[in-house]
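One gets the numbering used here by counting positions in the sequence shown from 1 and adding 857 to each. See below for the structure under consideration.
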Amino acid sequence: MGSFRLNRVNGPLLQPSPENQWESGAVFNPGTVRIGDQVNMLYRAVYGDNYSSIGYARLSPDGRIIYKSDAPVIVSESEIEKRGCEDPRIVLFEGTYYIFYTGFDGTDAARSINTRVMMAETADFVKFRKIGMVGPDDNDKDAMIFSEKIGNKVYFIHRIVPNIQIAVFDDLQEFIHPHKNYWPDHLSNIGKHTLMGREQSWEVMKIGAGPPPIRTDAGWLLIYHGVDERKVYRSGAALLKENDPTQVIAR
């Protein structure tokens, strides 16, 4: 597949709001989901010295912002989130919208370390409930579950630098509350659980999943990012086997 360029249409969709301190610095890295004829968006909002929370906006079918929250809907509460809640991804799974975001404590702000995968849920994008940290207790991000069970299993995709990994669970409860040795065993055999490693020059530093995988007639479409040695980000695409997403069909 050759390369191609994306062009902006009609300027920025969402911009920082100086009147709201929590989103006065920047707004970016949104997760979206369509419900009926409207798109629900959760986005990362930044203020000050890179402190983040998550805001909410609703879009019309033609891409206009028709509602935006005056206050963030997900804010820092735990120690791992003290520098911020970042980069939400939304997955509709068995009737509930699950939100996966990055908790960042600011230990190493220059390299965006220390981070963990955090999980919340909502039924209506009005009330939100935090579930807490999921995944390994290690520097982890770019994570979410697939939107449905595959072979009666729950699949979780995540990123321990520099590659993309995948983990499998019997059900959602086992994923949220795995047995005590699950993640230590996973980390000690990280190569076995690596879904995709770095291949091209534009992804030589690291790769990571973008939005949740999309089921197609050909398999699961995964949009991901790669970072080169100059820290330039680019987008790539991979196709995972429909009934076994641990298998990469094409990239």
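C-beta atoms are modelled at their ideal positions from N, C-alpha and C, and glycine is treated no differently.
Beta-bridge analysis with DSSP links W1077 to R1072 and L1097.
Fewer than three Cβ pairs drawn from the segment 1017 to 1030 and the segment 959 to 967 lie within less than 8 Å of each other, which leaves the two stretches out of contact. Taking a 10 Å sphere around the C-beta of P875, we find fewer than 16 other C-beta atoms and assign the residue as exposed.
Taking a contact to require three or more Cβ pairs closer than 8 Å, the segment 1032 to 1044 and the segment 1100 to 1107 do not qualify as touching. Y924 and L1044 have their C-alpha atoms roughly 42 Å apart. C-alpha of S935 to C-alpha of G1083: approximately 30 Å in a straight line.
A straight line joining the alpha-carbon of R968 with that of R915 spans about 32 Å.
With a threshold of 16 other beta carbon atoms within 10 Å, E1060 meets it and is buried. The alpha-carbon separation between A966 and E951 amounts to approximately 36 Å. In the three-state reduction of the DSSP assignment, D944 falls in the strand class, which pools E and B. E978 and K1098 have their alpha carbons spaced roughly 28 Å apart. Minimum Cα-Cα distance from I1047 among the listed residues V974, P1035, R865 and I1014 corresponds to I1014.
In this structure, S926 lies away from W879, with their beta-carbon atoms at least 7 Å apart. By the CB criterion at 7 Å, Y1090 and I1064 fall outside the cutoff.
Taken atom to atom, the span from the alpha-carbon of R1108 to that of G1093 is near 8 Å.
For K1010, the CB contacts under 8 Å within the same chain, skipping 5 residues up- and downstream, are V1025, F1026 and D1027 in chain order.
Cβ-Cβ separation between G912 and P929: approximately 5 Å, consistent with a contact (criterion under 8 Å). Assignment of H1043 by DSSP, reduced to helix, strand and coil, places it in the helix class. Within a 10 Å sphere around the beta-carbon of G989 sit fewer than 16 other beta-carbons, which makes this residue exposed. Taking a 10 Å sphere around the C-beta of E938, we find 16 or more other C-beta atoms and assign the residue as buried. Straight-line spacing of the CA atoms in D981 and T953 works out to 9 Å.
Nearest Cα to S917 within the set L1079, V948, S933 and T889: T889.
Here the alpha carbon of L899 sits roughly 9 Å from the alpha carbon of N886. About 6 Å separates the CB atoms of L1078 and L1096; that is less than 8 Å, so the two are in contact.
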